[in-house]
Each structure stands twice: as C-alpha cells, then as structure tokens.
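K.L.:
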Amino acid sequence: MEKKVTVEELLEKAKKPAQEAMKLHPFYKGKVQVMAKCAIRSYDDFGIWYTPGVAEPCKDIAKNPEKVFEHTNKGNFVAVISDGTRVLGLGDIGPLAGLPVMEGKALLFKYLGGVDAFPVMIDTKDPDEFIQAVKWVAPTFGGINLEDIASPKCFYILDRLRKELDIPVWHDDQQGTAAITLAGIINGLKIVGKKLNEVLFSIIGTGAANICLIRTLIKAGVPPKNIIAVDSKGILHPNREDIEELKEKNPYKYEIAMTTNGEGREGGIPEAIKGTDVCIAASKPGPGTIKKEWVAEMNDDAIMFAEANPIPEIWPWEAKEAGVRIFGTGRSDFPNQVNNSLGFPGIFRGTLDVRAKTITDEMHIAAAYAIAEVAEKKGLREDYIVPTMDDWEVFPHEATAVAMKAIEQGVARRKLSRQEIYEMALETIKNAREATQALMKAGYIKTP
209 MEKKVTVEEL LEKAKKPAQE AMKLHPFYKG KVQVMAKCAI RSYDDFGIWY TPGVAEPCKD
269 IAKNPEKVFE HTNKGNFVAV ISDGTRVLGL GDIGPLAGLP VMEGKALLFK YLGGVDAFPV
329 MIDTKDPDEF IQAVKWVAPT FGGINLEDIA SPKCFYILDR LRKELDIPVW HDDQQGTAAI
389 TLAGIINGLK IVGKKLNEVL FSIIGTGAAN ICLIRTLIKA GVPPKNIIAV DSKGILHPNR
449 EDIEELKEKN PYKYEIAMTT NGEGREGGIP EAIKGTDVCI AASKPGPGTI KKEWVAEMND
509 DAIMFAEANP IPEIWPWEAK EAGVRIFGTG RSDFPNQVNN SLGFPGIFRG TLDVRAKTIT
569 DEMHIAAAYA IAEVAEKKGL REDYIVPTMD DWEVFPHEAT AVAMKAIEQG VARRKLSRQE
629 IYEMALETIK NAREATQALM KAGYIKTP
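In structure tokens form, the structure reads like this:
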C-alpha cells in the first residue's frame with residue numbers, strides 16, 4: 209500500500225534545494241568556467257592561436273565581417289545580462305546578489321543547449337545606460353539573453369535592443385516563460401478535452417512574464433476577450449481609476465486593460481479566478497497569495513500553473529484539494545515543472561545554428577509546440593504535461609523547430625535542411641553533456 213505523504217514532509221522537501229544550495233555554492237565557488245576549445249599539441253600552437261598567426265583571420269574579418277562566424281566562437285557565445293533589479297521572487301537585490309542566478313543560467317545554457325554563455329552584470333538602474341552597455345559588448349556575442357530586469361523597463365530595453373542590434377535579443381522572463389507556459393497549456397487542454405480558443409483564462413500578475421504570455425496566447429489563437437488579467441491593484445479593465453496613469457507609465461498594461469476582459473469583470477484575484485478554465489500565476493511568492501477557497505470557484509477540470517519562485521502562490525496539494533485537475537509550478541521538486549529551462553537552451557541552439565538576426569514571437573511559439581510534442585509522444589498524464597530536463601531529446605527537437613521557423617520567416621543568415629539542423633543541434637548538445645560527465649569522471653570537477 210502506498211504511503212501517504214504528509215504536508216510536513218512536502219514542506220521539508222520544498223526546503224531542501226535551498227539548504228543544499230548553501231552548502232554547494234561555496235564548495236564550487238561558481239558554476240561555470242572558461243576552457244580551451246582548440247587542440248594544443250605543443251607550445252608552437254600558440255603561434256597559430258595567438259600572435260603571429262592570429263593576424264590572418266583578423267584581416268579576413270576586417271575585409272568581410274561575416275567571416276567572424278567562421279574564425280571565432282561568436283556564433284555560440286551568448287551573454288546572460290542583468291541589472292539585478294528583479295531577481296527570481298527576491299526583487300531588487302542588485303548586480304552582485306544576482307550573479308549566482310546568471311551563473312546558473314549559463315550552466316543550463318551549456319549543459320542543455322551546448323551554448324557558451326557568460327554572466328554579465330550591469331551596475332546601473334538607468335535603462336538607457338543599460339542599453340548602451342549591452343550595445344558596447346554586443347560584438348563579442350551571437351545572442352543576448354536579458355534576465356531579471358524590473359518591469360516595465362524590461363519591455364523598453366528589449367524593444368530597443370531588438371531594433372538596434374543585428375543579433376537575437378531575448379528576455380527569458382518574457383519569451384522563455386511564455387514558451388514553456390504555452391506548451392503546458394497546450395498539453396493540459398488535451399488531457400481535459402478543451403480547446404485553446406474556447407477556454408477562459410485568468411492571469412494573475414502582469415509583470416514581464418505574464419504580459420508576454422498574454423501577447424503570446426493571443427498570437428496563438430486565444431481571443432483577447434477570453435483573458436482576465438490582474439495586477440497588484442486588481443483586474444485590468446477600461447474603467448479603472450488609474451487607467452490614464454497606466455497609459456502614461458505602463459502602456460503594455462494599458463493595452464491589456466483596453467483589449468481583454470470581455471465580460472468586464474472588476475475586483476481582485478478571487479473575482480478574476482471564478483469560473484475560469486485556466487489560471488496562470490506569475491506574481492508574488494506564496495504560499496497564500498492565492499487562497500484555496502478562490503481556486504474552488506474555477507470551472508471543472510481546471511488547469512493552474514503557480515509559477516512564482518522560490519515558493520509558488522499556492523501549494524500543489526492545496527490546489528488539488530480545491531479541485532484543480534492539472535497543476536504545475538516553476539519548481540523542479542514538484543510534478544509539472546513549468547520552467548523556462550526547457551525553452552531557452554533549445555531555442556537559442558536553433559537560433560544560433562542558422563545565425564538568425566532575431567527571435568520572433570512565431571519562433572518561440574514554434575518552440576512551445578515542439579516542447580508539447582515531445583511530452584505527448586512519451587505519454588501525457590496529469591502529472592506529466594511537459595518534458596522534464598531528463599528528457600534531453602526535447603532540446604534538439606525544439607532547436608530544429610525554431611531554426612526552421614527562422615528560415616521560413618526570412619530572419620536566418622544560413623539556410624539548412626531540417627535534417628542538417630537536427631543533426632548539428634544533437635551533436636553539439638551531446639558533446640556538451642558528455643564533456644561535463646568526462647570531467648567529473650576524471651576528477652577535474654569534484655563530487656561534493
């Protein structure tokens with residue numbers, strides 16, 4: 209007979225990653241490092257890789273800048289850039305305190321996507337200074353991953369950099385979270401037998417993640433009138449007292465207020481959730497941000513993702529007791545981790561492999577459907593609606609979908625076949641994983 213897990217045991221399990229993190233971060237003193245990529249047969253090789261030999265590729269690039277992709281690793285370099293103003297659920301903790309997160313992101317980029325990513329912390333809160341700093345370092349990189357930047361300036365920064373740089377600029381808290389959330393929604397709706405363009409959504413929190421999610425849902429076929437969004441002051445609607453202030457200070461929220469909420473609902477979280485089929489929360493960490501009795505008012509066969517970190521807005525067992533059928537969080541220690549780690553490594557892999565100039569909304573929607581397909585092929589269950597990070601085949605699969613969409617939309621510098629893209633991504637990702645395992649086996653990465 210299966211042993212019943214108590215709430216106390218679940219709470220202890222939820223605390224364990226944080227406890228282990230405080231032991232292992234000092235043990236390793238960081239999570240990424242720089243290692244040689246080329247062969248060093250003897251000291252004579254330094255004359256090839258550095259002076260005097262290196263002058264020849266330099267002159268070649270000066271004559272034809274596109275040759276930089278042939279002579280250097282630019283095409284696989286990604287900068288993970290943040291100002292530390294919106295780190296996880298911790299808020300504005302600054303660039304130093306945000307560095308462990310960006311190092312972790314770089315680790316996931318490499319192990320899951322074969323991407324050489326570097327944490328770059330920018331010590332300014334001024335968005336224009338931040339933009340200039342990114343533009344100054346951009347020549348080194350094949351892509352820019354913006355991370356943990358406060359809303360609404362994150363939208364301004366992303367929009368400007370996408371226009372002003374000729375490499376893909378991506379804000380993972382926006383597009384990355386939207387991609388994996390859409391994948392979970394697609395498969396959750398398959399299980400409960402509902403259609404994307406017919407269900408009613410409640411969106412709790414209108415920061416970077418959910419504002420982009422709303423845009424993504426609409427592009428994916430959800431009627432705007434079927435979306436009810438809530439910020440810290442309540443449901444967004446055209447008659448709010450602060451609507452003119454929103455128009456001035458946060459035009460992204462203003463647009464949502466003017467175009468969604470077909471029923472004209474007013475109130476707060478409980479009024480928004482009532483009678484909806486899907487609830488996506490990316491707001492204040494819980495528990496208790498969303499109450500069990502509010503969730504009980506959702507429609508039958510409800511789907512809920514509580515994505516706040518480090519603690520979801522409501523515990524999984526509370527949501528299940530309230531009647532939710534499909535529940536996910538952003539945490540790896542609960543079922544159905546709806547986490548952008550399943551998105552950005554594969555999305556960037558495909559983007560870099562075809563040297564795309566940007567990442568369009570259609571590219572991250574293609575990634576969402578690819579993620580959903582991998583889970584569906586393995587067999588959907590109420591506790592398995594998206595792949596886990598152990599299902600590593602998801603990354604070359606979505607890389608291929610993203611790259612093909614980039615070629616279709618005319619934003620790729622390279623036009624390769626589907627098979628070429630898949631094999632390239634598979635080899636790159638496999639090599640990154642096996643190299644890490646080899647270093648561990650040889651003792652160069654010590655086991656704690």
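The opening position of the sequence shown corresponds to residue 209 in my numbering, with each subsequent residue numbered one higher.
Each residue gets a CB set at the ideal place from its N, CA and C atoms; glycine is no exception.
Start and end of the alpha helix (DSSP H) containing residue 609?
P.N.:
For this step, residue 609 is matched to residue 401 along the sequence shown. 602-617 is the span of the alpha helix (DSSP H), which, as asked, contains residue 609.
K.L.:
Since residue 318 and residue 640 are thought to touch, with beta carbons under 8 Å apart, how far apart are those beta carbons, to the nearest angstrom?
P.N.:
Counted from its first residue, the sequence shown places residue 318 at position 110. Counted from its first residue, the sequence shown places residue 640 at position 432. Correct: roughly 5 Å between the Cβ atoms.
K.L.:
Exposed or buried, which one is residue 259 when buried takes at least 16 other CB atoms within 10 Å?
P.N.:
In the sequence shown, counting from the first residue as 1, residue 259 sits at position 51. Residue 259 should be labelled exposed.
K.L.:
Figure out for me which residue from 457, 286, 222 has the closest Cα to the Cα of residue 364.
P.N.:
Position 156 of the sequence shown, counting from 1, holds the residue named residue 364. Comparing Cα positions, the closest option is 457.
K.L.:
How about the region 494-514 and the region 275-282: do they share at least three Cβ pairs that are nearer than 8 Å?
P.N.:
Because the criterion of three Cβ pairs below 8 Å is not met, the region 494-514 and the region 275-282 do not touch.
K.L.:
With a Cβ-Cβ cutoff of 8 Å, do residue 448 and residue 358 count as a contact?
P.N.:
Taking the first residue of the sequence shown as position 1, residue 448 is located at position 240. Taking the first residue of the sequence shown as position 1, residue 358 is located at position 150. No, the Cβ-Cβ distance between residue 448 and residue 358 is not below 8 Å.
K.L.:
Give the C-beta separation of residue 588 and residue 399 to the nearest angstrom, bearing in mind that I take them to be a contact with Cβ-Cβ under 8 Å.
P.N.:
If you number the sequence shown from 1, residue 588 lands on position 380. If you number the sequence shown from 1, residue 399 lands on position 191. Contact holds; Cβ gap of about 6 Å.
K.L.:
Using the rule of at least 16 other Cβ atoms within 10 Å of the residue's Cβ for burial, across every protein chain shown, is residue 344 buried or exposed?
P.N.:
Mapped onto the sequence shown, residue 344 falls at position 136. With fewer than 16 Cβ atoms within 10 Å of its Cβ, residue 344 is classed as exposed.
K.L.:
Which runs of the beta strand (DSSP E) at least 3 residues long sit entirely within the region 361-440? Give them in chain order.
P.N.:
Those beta strand (DSSP E) runs which fall completely within the region 361-440 and span 3+ residues are 377-379, 409-412, 435-439.
K.L.:
According to the Cβ coordinates, are residue 486 and residue 409 closer than 8 Å?
P.N.:
Taking the first residue of the sequence shown as position 1, residue 486 is located at position 278. Taking the first residue of the sequence shown as position 1, residue 409 is located at position 201. Closer than 8 Å, so yes.
K.L.:
On the CB-based measure, 16 or more other CB atoms within 10 Å of its CB, does residue 470 come out buried or exposed?
P.N.:
As a first step, residue 470 is located in the sequence shown; it is residue number 262 there, counting from the start. By the neighbour-count rule (16 or more Cβ atoms within 10 Å), residue 470 is not buried but exposed.
K.L.:
Tell me which residues share the same chain as residue 342 and place their Cβ nearer than 7 Å to its Cβ, disregarding the 5 neighbours each side in the sequence.
P.N.:
As a first step, residue 342 is located in the sequence shown; it is residue number 134 there, counting from the start. Result list for residue 342: 289, 352, 369, in chain order.
K.L.:
From residue 307 to residue 240, what distance separates their C-alpha atoms?
P.N.:
Numbered from its first residue, the sequence shown carries residue 307 at position 99. Numbered from its first residue, the sequence shown carries residue 240 at position 32. Their backbone Cα atoms lie some 12 Å apart in a straight line.
K.L.:
Quick check on this structure: which residue in 269, 440, 553 has the alpha carbon closest to the alpha carbon of residue 604?
P.N.:
For this step, residue 604 is matched to residue 396 along the sequence shown. Closest option to residue 604, Cα to Cα, is 553.
K.L.:
Since residue 353 sits in a beta bridge, which residues does DSSP pair it with?
P.N.:
Position 145 of the sequence shown holds residue 353. Paired residue(s): 288, 378.
K.L.:
Thinking C-beta only, is residue 507 closer than 8 Å to residue 385?
P.N.:
As a working note, residue 385 is residue 177 in the sequence shown. As a working note, residue 507 is residue 299 in the sequence shown. Not a contact, by the Cβ cut-off of 8 Å.
K.L.:
Give a yes or no on whether the C-beta atoms belonging to residue 395 and residue 429 are separated by under 8 Å.
P.N.:
For the purposes of this step, residue 395 is taken as the residue at position 187 of the sequence shown. For the purposes of this step, residue 429 is taken as the residue at position 221 of the sequence shown. Result no, Cβ atoms of residue 395 and residue 429 do not sit closer than 8 Å.
K.L.:
Taking one C-beta from the region 318-327 and one from the region 261-272 each time, how about it: are there three or more such pairs within less than 8 Å?
P.N.:
In short, these stretches do not touch, since the Cβ pair count stays below three.
K.L.:
Would you mind stating whether residue 475 and residue 442 have Cβ atoms separated by less than 8 Å?
P.N.:
Position 267 of the sequence shown, counted from the start, is the residue given in the question as residue 475. Position 234 of the sequence shown, counted from the start, is the residue given in the question as residue 442. Yes. Within cutoff.
K.L.:
What separation, rounded to the nearest whole angstrom, lies between the Cα atoms of residue 612 and residue 561?
P.N.:
For the purposes of this step, residue 612 is identified with residue 404 of the sequence shown, where counting begins at 1. For the purposes of this step, residue 561 is identified with residue 353 of the sequence shown, where counting begins at 1. Approximately 11 Å between the Cα atoms of the pair.
K.L.:
Using a threshold of 8 Å, state whether the C-beta atoms of residue 663 and residue 414 are closer than that.
P.N.:
It is not possible to answer for residue 663, since the shown part of the chain is limited to 209 through 656.
K.L.:
If you draw a straight line from the alpha carbon of residue 597 to that of residue 494, how long is it in whole angstroms?
P.N.:
In the sequence shown, counting from the first residue as 1, residue 597 sits at position 389. In the sequence shown, counting from the first residue as 1, residue 494 sits at position 286. Each residue's alpha carbon lies about 25 Å from the other.
K.L.:
Buried or exposed: where does residue 419 fall if 16 or more other Cβ atoms within 10 Å of its Cβ makes it buried?
P.N.:
As a working note, residue 419 is residue 211 in the sequence shown. Residue 419 should be labelled buried.
K.L.:
If we count the other Cβ atoms within 10 Å of its Cβ and call it buried at 16 or more, is residue 625 buried or exposed?
P.N.:
Stepping through the sequence shown from its first residue, residue 625 is reached at position 417. Exposed, since its Cβ has fewer than 16 Cβ neighbours within 10 Å.
K.L.:
Nearest to residue 573 by CA position, among 606, 532, 499, 653, is which residue?
P.N.:
Stepping through the sequence shown from its first residue, residue 573 is reached at position 365. Residue 606 is the option with its Cα nearest to residue 573.
K.L.:
Within this structure, are the beta carbons of residue 583 and residue 592 separated by less than 8 Å?
P.N.:
Residue numbering aside, residue 583 sits at position 375 when the sequence shown is read from its first letter. Residue numbering aside, residue 592 sits at position 384 when the sequence shown is read from its first letter. Contact: yes.
K.L.:
Would you list the one or two residues that DSSP bridges to residue 443?
P.N.:
If you number the sequence shown from 1, residue 443 lands on position 235. 438.
K.L.:
Taking residue 536 as part of the beta strand (DSSP E), name the residues at either end of that continuous run.
P.N.:
Taking the sequence shown and counting its residues from 1, the one referred to as residue 536 is at position 328. Residues 532-537.
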